[in-house]
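For the sequence shown, the working numbering gives the first residue as 28, with consecutive numbering after it.
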Amino acid sequence: MSDEKPTRDLFGELTVMPSGRRGRPAHQRSQSAANRVILGCAVGLSVEEIAKGLGVSEPTLRKHYFSELKMRDMHRTRLDLARLETLATQALAGNVGADRQLQKMVEQFDRRRQAREIEGKPAAAPAEKLGKKAAARKAAETALQDGWGGDLQPDNWH
28 MSDEKPTRDL
38 FGELTVMPSG
48 RRGRPAHQRS
58 QSAANRVILG
68 CAVGLSVEEI
78 AKGLGVSEPT
88 LRKHYFSELK
98 MRDMHRTRLD
108 LARLETLATQ
118 ALAGNVGADR
128 QLQKMVEQFD
138 RRRQAREIEG
148 KPAAAPAEKL
158 GKKAAARKAA
168 ETALQDGWGG
178 DLQPDNWH
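This is how it looks when you write it as structure tokens:
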């Protein structure tokens with residue numbers, strides 16, 4: 028390994044030039060790659076897509092970036108909070124565009140909250156599945172209440 032010199036590729040990643048050894052060089056974890064994994068999780072990319080973007084296999088991605096993948100559910104929230112913080116700072120400094128964008132994001136969060144509240148309300152319980160006898164009994168009861176007046180009532184003979 029002493030004769031291998033790391034260089035930077037087109038995307039700024041550290042790569043090791045071949046040293047005459049056989050096989051592909053081992054993946055080196057970097058903070059920039061970890062940040063890309065976090066961003067990929069935040070925008071909803073699959074593990075396969077993130078691995079392709081980094082140029083590694085899925086097992087390698089899981090091996091080196093397991094902690095980022097483990098917290099994938101909260102990365103979107105963290106990204107939104109970071110954006111909100113940046114926009115709020117700029118809006119307080121007088122940036123009108125940031126103020127407008129902040130207002131849009133606040134409205135988005137309000138819509139999400141309302142949607143969660145609507146989803147959280149229990150729906151009407153589905154009607155019980157009735158057997159043949161129970162269905163016939165219920166039909167007979169509703170027939171008595173239909174527009175027949177008292178004609179179908181027992182003891183109503185003419």
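Backbone N, C-alpha and C define an ideal beta-carbon position, used for all residues, glycine too. Predicted model, so just to flag it, every value in this text is computed and none were measured.
Residue i - containing alpha helix (DSSP H), residue span
i    : result
L88  : 85-91
R48  : Per DSSP, R48 belongs to no alpha helix (DSSP H) and is neither H nor E.
K131 : 123-147
H102 : 99-119
Residue i, DSSP secondary structure in three states
i   : result
R35 : strand
V64 : helix
V70 : coil
M28 : For M28, the predicted structure reports a pLDDT of 48, less than 50, and the residue's modelled location is therefore unreliable. A value from the coordinates is still provided. M28: coil per DSSP, three-state reduction.
S59 : helix
Assumed close pair residue i, residue j - CB separation to whole angstroms, cut-off 8 Å
i   : j   : result
H54 : V83 : 5 Å
L81 : R89 : Contact doesn't hold; Cβ gap of about 12 Å is too wide.
Residues that residue i bridges to, as DSSP identifies them
i   : result
V43 : P33
Under 8 Å between C-beta atoms of residue i and residue j
i    : j    : result
A118 : D126 : yes
A69  : R110 : no
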